[in-house]
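In this note's numbering, the protein residues as written are 743 to 1020.
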Amino acid sequence: MPELPEVQSVIDSLKEQGCLNRTITGVESIMPKLFKNCSYKDFSEHILEEKIKDITRKGKYLIFHLTNNKVFVVHLRMEGKMFFENNDDYYDKKHVLVRIEMGDKEIRYHDTRRFGTFTIYDETTYLNSKEISKLGLDPLEKEFDWKYLKKNIEKSNRAIKTALLDQENLSGIGNIYADEILFASKIHPETISNKLSDNDFKKIVENAKIILLKAVENKGTTISTYFYKKEQKGEFQKFLQVHTKKDFDCTNCKSKIIKIKVNGRGTYLCPKCQKIKI
């Protein structure tokens, strides 16, 4: 699933390729059930003849800000991708589920798993929507600090990795970056959240900011199918320290990286550097 760096990289790519300030001239979809708080017809009417003024992000959600105070929100879920292409370029007609036409260009939403979502709002309501309102701060927001993180999870009896994946505690972090952040912080992912010290929270926040910013700089992590742009993979997989590195040597102590399950999620760690705090 695309996480914060991947979503930000998709946004940056769309904007850099010039999708802003073009009039939306048509909408085509082969899968109406993607539209969750509206019909396909409602969605089309909402965005037709408008322009995309900006694209922002809240956690893993892409937020398209249109003229006339209109908004639509996209969640890529497991396999969603958004490309900005010439409208006469070849595309996969089976898996491009939505096309937003803008003259000779169009945004194409490609999703082999078909789990993505599209919703419509206006500028005064989208932050109060059920999707957005429950999200915690993400680590790249100015207000996010160790005290905020501690307040949200210090009383939790869940494993710290599980707590980091809870989008209501903090948003944008998924399986890849939770593993990397906890390794950098030398915290075992099964450590119960209420056992963490102030220094542990400080390390998690510091490393989250460093790792996520570096991942954004490298256009995200491509392990299987993620592309931030048509046929363009992310590069952060070159910098992964533990995630997918089972049986590799730890870069700190040379012990072998292991893989376990934490609340059903495949989890990578160094058993020597990351001890469970009791």
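Even glycine gets a Cβ: it sits at the ideal position worked out from N, Cα and C.
*Start and end of the alpha helix (DSSP H) containing T904?*
The residue you call residue 904 lines up with position 162 of the sequence shown. Unbroken alpha helix (DSSP H) run through T904: I902 to L907.
*Residue closest to P774, alpha-carbon to alpha-carbon, out of R856, A901, D921 and K987*: On the sequence shown, position 32 is the one that residue 774 refers to. Checking every option, the nearest Cα to that of P774 belongs to R856.
*Which term fits K992, buried or exposed, when burial requires 16 or more other beta carbons within 10 angstroms of its beta carbon?*
Residue numbering aside, residue 992 sits at position 250 when the sequence shown is read from its first letter. According to the sequence as given, residue 992 is Cys; it is not Lys. Looking at its Cβ environment, which holds 16 or more other Cβ atoms inside 10 Å, C992 is buried.
*For T964, which option in L955, L982 and E948 has the closest C-alpha, if you only look at C-alpha atoms?*
Taking the first residue of the sequence shown as 1, we reach residue 964 at position 222. The option with the nearest alpha carbon to T964 is L982.
*In terms of residue numbering, what span does the beta strand (DSSP E) encompassing L1011 cover?*
Here residue 1011 refers to the residue found at position 269 when the sequence shown is read from its first residue. Run containing L1011: R1007 to L1011, per the beta strand (DSSP E) assignment.
*Tell me which same chain residues have a C-beta within less than 8 Å of the C-beta of K903, skipping the five on either side of it?*
Numbered from 1 along the sequence shown, position 161 holds the residue referred to as residue 903. Correct list, in chain order: A920, D921, L924, P931, E932, V1004, N1005, R1007 and T1009.
_Extent of the continuous beta strand (DSSP E) to which K1001 belongs_ = In the sequence shown, the residue the question calls residue 1001 occupies position 259. Per DSSP, K1001 belongs to the beta strand (DSSP E) from I1000 to V1004.
*Inspect the beta-carbon positions of S755 and Y968 and report whether they are closer than 7 Å.*
The count along the sequence shown starts at 1 and reaches residue 755 at position 13. The count along the sequence shown starts at 1 and reaches residue 968 at position 226. No.
*Which residue's Cα is closest to the Cα of I861: K812, L938, G976 and Q909?*
The residue labelled residue 861 in the question sits at position 119 within the sequence shown. Correcting the residue identity first, residue 861 is Thr in this sequence and not Ile. For T861, the nearest C-alpha among the options comes from K812.
*asked:* Let's test the definition: count the other Cβ atoms within 10 Å of the Cβ of E848 and tell me whether it reaches 16, buried, or not, exposed.
replied: On the sequence shown, position 106 is the one that residue 848 refers to. Burial call: buried.
*Can you list, in chain order, the residues of its chain whose CB lies under 8 Å from that of R764, leaving out five sequence neighbours each side?*
For the purposes of this step, residue 764 is identified with residue 22 of the sequence shown, where counting begins at 1. Excluding positions up to five away in sequence, the list reads K793, I794, M844, G845 and K847.
*Evaluate the contact criterion for the stretch 937-956 versus the stretch 881-896: three or more CB pairs, one atom per stretch, below 8 Å.*
yes
*asked:* I772 and L839 - do their beta-carbons sit closer together than 7 Å?
replied: Here residue 839 refers to the residue found at position 97 of the sequence shown. Here residue 772 refers to the residue found at position 30 of the sequence shown. Their beta carbons are under 7 Å apart, which means L839 touches I772 by this criterion.
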